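One structure is given here, and the rest of the page talks about it.
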Amino acid sequence: MLRSRFDNYADALGPPEHRYYGSGYKRVSRYLTDLSVARSSLPGSTSTAVARLIWSEDWTARNYAGLVPRVSAVDALIIAAALCEAVIVRARDLTETEASTIWLRRVLIRSSGLCPADTKRIRVRVVLLNVVEGDLEVESTYLFRVGPLTGALTLAHPPGAVWISFQGSEVIDEFYSIYGLPGRHHYLEGLTSHELTATSLVVDETQARVTATQQISAATAATPYVGAESKYADSVSFVDGIVGGAQLAQILLNHVGGGGVSENHFRLRKLEIVADTPARSATDEFAGVAELSRRKVFDRDGRRWLSAAVGITEFGGLTGSVSCTRPLAS
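The sequence shown begins at 9 in this note's numbering and counts up by one.
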């Protein structure tokens with residue numbers, strides 16, 4: 009009989025050091041170079057960059073079981089948001105203080121399941137899809153591609169300057185040159201400094217739901233972070249939402265799928281996260297709730313697989329959904 013109560017994520021899924029969504033995502037350094045940034049607020053303007061992922065030598069989540077490295081949803085979110093931030097800052101001539109108030113309202117990420125040929129040279133592309141201008145705040149929506157992952161994200165930001173025509177593209181060698189020294193950017197370095205833990209995990213079979221008490225702690229930065237959302241550094245982040253949502257979904261799938269399976273066989277195929285405000289306090293405990301909304305069993309490569317849609321109905325001011333797959337226990 010499967011357990012329905014767990015003390016923490018490790019109790020339910022195994023040691024965090026063996027899992028990408030346990031601690032592996034923290035052991036990846038992400039770099040953005042060769043930026044070509046469109047100085048335009050017009051829909052259709054396109055910006056590009058090259059991303060590089062470097063895993064720590066002592067451990068990588070994807071090589072842990074002999075698997076090749078992949079671009080994860082965490083990587084795609086951080087990299088795409090950073091490039092969009094660069095576009096907004098340059099196109100609208102935002103100051104460092106104004107840039108700190110940029111915040112993410114929505115992200116949608118789709119995975120093709122393919123692996124990039126070279127994780128040290130990943131092509132990144134963002135296209136401005138839509139702009140909703142306001143007197144105090146603007147919402148800009150971008151379509152993006154980070155290697156094999158695609159999606160869309162909406163950022164809220166100060167109006168700054170508004171270019172009504174295309175002003176050309178600015179070439180930036182290193183993303184860090186936008187603000188100064190490396191190691192201080194909130195998205196590229198700060199978001200993965202959060203430590204997400206959970207207690208009192210309960211799987212409700214009747215409701216096909218898992219609940220848990222979540223808590224976030226963050227290491228104190230030697231110098232303040234800059235860039236998007238750095239004004240709200242103590243908030244529950246979208247990375248927290250991905251990491252927590254993925255683990256809650258895996259617990260739920262393990263339960264309905266007949267036992268635990270290595271995280272290396274758990275795949276996020278699609279995820280969406282939405283926020284209504286940038287201030288989502290991470291200083292207090294909060295509830296995390298995931299509910300199974302759809303499931304389907306199919307055959308592939310001689311095995312039976314479970315495909316499921318899981319709604320993240322509560323997570324510290326974030327809501328969303330994940331679509332995922334995992335093999336059924338033999």
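Backbone N, C-alpha and C define an ideal beta-carbon position, used for all residues, glycine too. Computed from a predicted model, the values in this text were never measured in an experiment.
Original post:
For the 8 Å Cβ check, are there 3 or more pairs between the region 236-254 and the region 327-335?
Top reply: yes
**OP:** Just tell me which of Leu196, Glu293, Ile62 has its CA closest to the CA of Gln222.
**Re:** The residue given as residue 222 occupies position 214 in the sequence shown. Closest option to Gln222, Cα to Cα, is Glu293.
Subject >> Validate contact between the region 157-169 and the region 13-28 using beta carbons, cut 8 Å, 3 pairs >> reply: no
Original post:
Taking Cβ to Cβ, would you say Ser108 is nearer than 8 Å to Val305?
Top reply: As a position in the sequence shown, residue 108 is number 100, starting the count at 1. As a position in the sequence shown, residue 305 is number 297, starting the count at 1. Contact: no.
Subject >> Alpha-carbon spacing of Arg47 relative to Ala287, whole angstroms >> reply: Along the sequence shown, one-based indexing puts residue 47 at 39. Along the sequence shown, one-based indexing puts residue 287 at 279. Approximately 29 Å between the Cα atoms of the pair.
**OP:** State buried or exposed for Arg98, treating a residue as buried only when at least 16 other CB atoms are found within 10 Å of its CB.
**Re:** Translated into positions along the sequence shown, residue 98 becomes position 90. Burial call: buried.
Subject >> Three-way DSSP call (helix, strand, coil) for Gly296 in this model >> reply: For this step, residue 296 is matched to residue 288 along the sequence shown. It is a strand residue.
**OP:** Could you tell me which of Tyr28, Gly30, Arg118, Ala90 sits nearest to Thr56, measuring between CA atoms?
**Re:** Stepping through the sequence shown from its first residue, residue 56 is reached at position 48. When only C-alpha atoms are compared, the closest one is Ala90.
Original post:
Apart from the five residues on each side of it in sequence, which residues of its chain come closer than 6 Å, Cβ to Cβ, to Phe274?
Top reply: Position 266 of the sequence shown, counting from 1, holds the residue named residue 274. Answer for Phe274: Gln258, Arg334, listed in chain order.
Subject >> Short CB-CB distance (under 8 Å) between Ile87 and chain D >> reply: Structure shown: chain D not included; a single protein chain is present.
Original post:
Quick one, which of Pro232, Ile281, Thr228, Ser80 has its alpha-carbon nearest Arg27's?
Top reply: Here residue 27 is taken as the residue at index 19 of the sequence shown, counted from 1. Among Pro232, Ile281, Thr228, Ser80, the Cα nearest to that of Arg27 belongs to Ser80.
Original post:
Enumerated in chain order, which unbroken segments of the beta strand (DSSP E) with a length of 3 residues or greater are wholly contained in the region 106-161?
Top reply: 111-119, 130-140, 146-154
**OP:** Mind reading off the beta-carbon distance from Val218 to Leu209? Whole number of angstroms is fine, and I expect it under 8 Å.
**Re:** Position 210 of the sequence shown, counting from 1, holds the residue named residue 218. Position 201 of the sequence shown, counting from 1, holds the residue named residue 209. With a Cβ gap of about 6 Å, Val218 and Leu209 count as contacting.
**OP:** Give the range of the alpha helix (DSSP H) segment to which Asp83 is assigned.
**Re:** Against the sequence shown, residue 83 aligns to sequence position 75. Asp83 -> alpha helix (DSSP H) spans 81-99.
Subject >> Beta-carbon spacing of Phe152, Val140 below 8 Å >> reply: Residue numbering aside, residue 152 sits at position 144 when the sequence shown is read from its first letter. Residue numbering aside, residue 140 sits at position 132 when the sequence shown is read from its first letter. Contact flag unset, no.
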